[in-house]
Amino acid sequence: MANTFKNQFNKSVGTSAATVYTCPSATQTTVIGLTVGNITASPITVDVYVTSSATDYYLVKGAVVPVGGSLVPVGGDQKLVLEAADVLKVVSSAASSADVICSLLEIS
137 MANTFKNQFN
147 KSVGTSAATV
157 YTCPSATQTT
167 VIGLTVGNIT
177 ASPITVDVYV
187 TSSATDYYLV
197 KGAVVPVGGS
207 LVPVGGDQKL
217 VLEAADVLKV
227 VSSAASSADV
237 ICSLLEIS
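Here the sequence shown is numbered in this note's numbering, starting from 137 and rising by one per residue.
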């Protein structure tokens, strides 16, 4: 089994769901940290969710991210395990309003 640390970055996420990460086949991935930063001059709300077998499972829905602030839905003591074909997504309430940084450990 190979263990590989990775980062995923998404710039200017907006009102269409952005795929942050898709777990490859024959792989399990541990999301170590996920940060969503507000890059606008107004508060935004964000949804963070996993699509697994065509069903959406929300980590947070409509979470407010203040001006100059960030939301950390995964980090610290909380981790998230993704299985093959699971997709981690983020969507914001405003166009081009959020940057997303995700730290991962792939186990294949």
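We put the CB at the ideal spot given by N, CA and C, even for glycine. Since the model is a prediction, treat every value here as computed from it, not as a measurement.
CB residue i to CB residue j, shorter than 8 Å?
i, j, result
"residue 170", "residue 210", "yes"
"residue 227", "residue 183", "yes"
"residue 212", "residue 174", "no"
"residue 166", "residue 236", "no"
Secondary structure at residue i, three-state DSSP: helix, strand or coil?
i, result
"residue 109", "Nothing can be reported for residue 109: it is not among the residues displayed for the chain, which extend from 137 to 244."
"residue 180", "strand"
"residue 209", "strand"
"residue 162", "coil"
"residue 204", "coil"
"residue 215", "coil"
For residue i, which beta-bridge partners are listed by DSSP?
i, result
"residue 247", "Since the first residue shown for the chain is 137 and the last is 244, residue 247 is missing from the structure and cannot be characterised."
"residue 140", "242"
"residue 232", "According to DSSP, which records beta bridges pairwise, residue 232 is partnered with nothing at all."
Quick one: residues in its chain with C-beta nearer than 7 Å to the C-beta of residue i, no 5 flanking neighbours on either side, listed in chain order?
i, result
"residue 163", "220, 242, 243 and 244"
"residue 185", "192, 193, 194, 195 and 225"
Within its chain, find whatever has a CB closer than 6 Å to the CB of residue i; leave out the 5 residues flanking it on each side and keep chain order.
i, result
"residue 187", "223"
Is residue i near the ligand ZN - that is, is its Cβ less than 7 Å away from at least one heavy atom of it?
i, result
"residue 174", "The ligand ZN is absent from the structure shown, which contains no ligands of any kind."
Starting from the C-beta of residue i, find all residues in its chain whose C-beta is less than 8 Å away, skip the five residues before and the five after it, and write them out in chain order.
i, result
"residue 180", "174, 200, 201, 228, 229, 230, 233 and 234"
Margin query: Under 8 Å, with one C-beta from each stretch per pair, do the stretch 194-204 and the stretch 150-166 reach the 3-pair mark?
Written below: no
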